[in-house]
Structure formats: structure tokens, C-alpha cells
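In UniProt numbering, the protein residues as written are 1 to 122.
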């Protein structure tokens, strides 16, 4: 009985090892990590995922400007929405005031930020 359980344990570890190696090589590990640790998303994305999925970028770009190398991948509407969100967030950062929006205002701001993207995909 113990020998069978030990054999099953080794088999499980072998499968786990294969899964972990594939996860590491594919970049899935970093994607999973970044989605679970939202505070780490930017760092993980730009360090481990961006080049892997979108190709290399100009080496002269400073880390704080990495996103500029990928803006062209967005459509015009998405770029416009992104600019609006960034402007609002920068203004919020200057004011440093916690805002408690009512549900209607929150819904309106979300719709403005997402533009045609919210709910349009089935």
C-alpha cells in the first residue's frame, strides 16, 4: 500500500515539475503572478512578458516610457480613452483626495473610460 502511494506521489511530482517548467518557459508563471499581485503587474509585465509577447523594443527607451513603444497597437478610440483615463488619474494624484462616487457617477465614469468596449463584446 505504501509503495503504491509513494509511486503515485512521484508521478504527481513529475507531472507538477513538467507543468512548472512549461509555465516558466511560456511566461505563464509571470502572468499568473502579476494577476494575483496587482501591485506587481507593471514590473512583471515590462520585465518578463512584454518582449516575449510583443517583441523587442528600442533599447533607448527609459523604463517609465516603455508603454510608448506599444501605444500604436491600440486603435484610435482606445488611445483616446487611455489618454482621458491617464489625465484623470494624474489630476487625482495631484489632489490626493479619496472620492466616494455614487453608483450612477461610477457607472458614467466607467463608460467614459471604456468607451465602446464595455458590453459590446458578446
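All C-beta atoms, glycine included, are put in the ideal place defined by N, C-alpha and C.
Under the Cβ criterion (8 Å, minimum of three pairs), the region 48-62 does not count as touching the region 75-86.
If you compare the alpha carbons of 86, 96, 95 with that of residue 109, the shortest gap goes to 86. Taking the C-beta atoms as reference points, residue 20 is found no nearer than 8 Å to residue 33. With respect to the 8 Å criterion, residue 69 and residue 57 are classified as neighbours on the basis of their beta carbons.
Judged by DSSP secondary structure, residue 95 falls within the alpha helix (DSSP H) whose first and last residues are 76-95.
Residues 23 of the same chain have their beta carbon placed closer than 6 Å to that of residue 29, with the five preceding and five following residues left out of the count. The Cβ atoms of residue 64 and residue 114 do not sit closer than 8 Å to each other. The DSSP-derived three-state label of residue 26 is helix. Rounded to the nearest angstrom, the gap between the Cα atoms of residue 100 and residue 111 is 17 Å. Within the region 12-70, no beta strand (DSSP E) run of at least 3 residues lies entirely inside it.
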